[in-house]
Amino acid sequence: MKVLLLAGSAGKPSHTLGGLKKVAEELNKLSVETEIWDLKKENLPMADADYHKNPEDHPDEKVKRLVASANEADAIILGSPNYHNSFSGLLKNALDHLNIQNFYLKPVGLFTHSGGIRSTEPLGQLRLVARGLLGVAIPMQVATCNEDYDLIDNEYEITHEAMRERIQAFSEQLVQFANNLR
């Protein structure tokens, strides 16, 4: 089984990326292969509607790799910081490079980070996006805030025990859905 994790944060260091690394770690414990796309580092071009029906035909090599990774994935996790009560433009642009064929009946996990308060606003919007792409957003979701992390070696790591337990349960549920939808 393979899971693609899309990290839509422009921050460095990034809470969202740090949280998704913890999710990947939990998935790896369940014998799941993971691939994290740090969308800040990948720097995808703006989406081009000319390739919406056939995103694999896009001339950009990074876009081709993203589309191939989404096609190969048995499940996808969308991760974003809370930007103005929504998800990031980086993640939106990546999603606009993909289409229904990349998500069809695949479980979609939702992860967000908000600074001072825990907010689920972006998760509700991402749930609608997953549905629009005919993916299956799993019931459990993850919303972190600053107190869930410590900065260790210039990277954010989840250290709050209750959040670590939630991420473990989230990962298990994603795998369960992926197995059931195969």
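Okay, so the sequence shown: first residue is 1 according to the UniProt record's numbering, each after it adds one.
Virtual Cβ for every residue (Gly too), placed ideally from N, Cα, C.
So is residue i buried or exposed if we call it buried at 16+ other beta carbons inside 10 Å?
{"i": "residue 182", "result": "exposed"}
{"i": "residue 46", "result": "exposed"}
{"i": "residue 109", "result": "buried"}
{"i": "residue 17", "result": "buried"}
{"i": "residue 158", "result": "buried"}
{"i": "residue 21", "result": "buried"}
Would a C-beta distance cut-off of 8 Å place residue i and residue j closer than the cut-off?
{"i": "residue 35", "j": "residue 1", "result": "no"}
{"i": "residue 100", "j": "residue 134", "result": "yes"}
{"i": "residue 113", "j": "residue 19", "result": "yes"}
{"i": "residue 75", "j": "residue 162", "result": "no"}
{"i": "residue 44", "j": "residue 93", "result": "yes"}
{"i": "residue 13", "j": "residue 156", "result": "yes"}
{"i": "residue 27", "j": "residue 91", "result": "no"}
{"i": "residue 146", "j": "residue 115", "result": "yes"}
{"i": "residue 122", "j": "residue 11", "result": "no"}
{"i": "residue 15", "j": "residue 149", "result": "yes"}
Got a sec, what are the start and stop residues for the beta strand (DSSP E) residue i sits in?
{"i": "residue 142", "result": "142-145"}
{"i": "residue 34", "result": "33-38"}
Measure the alpha-carbon distance for residue i versus residue j and round it to whole angstroms.
{"i": "residue 173", "j": "residue 68", "result": "24 Å"}
{"i": "residue 165", "j": "residue 83", "result": "26 Å"}
{"i": "residue 50", "j": "residue 95", "result": "15 Å"}
{"i": "residue 124", "j": "residue 106", "result": "18 Å"}
{"i": "residue 57", "j": "residue 98", "result": "11 Å"}
{"i": "residue 37", "j": "residue 111", "result": "14 Å"}
Tell me the residue span of the alpha helix (DSSP H) that contains residue i.
{"i": "residue 96", "result": "89-96"}
{"i": "residue 122", "result": "121-132"}
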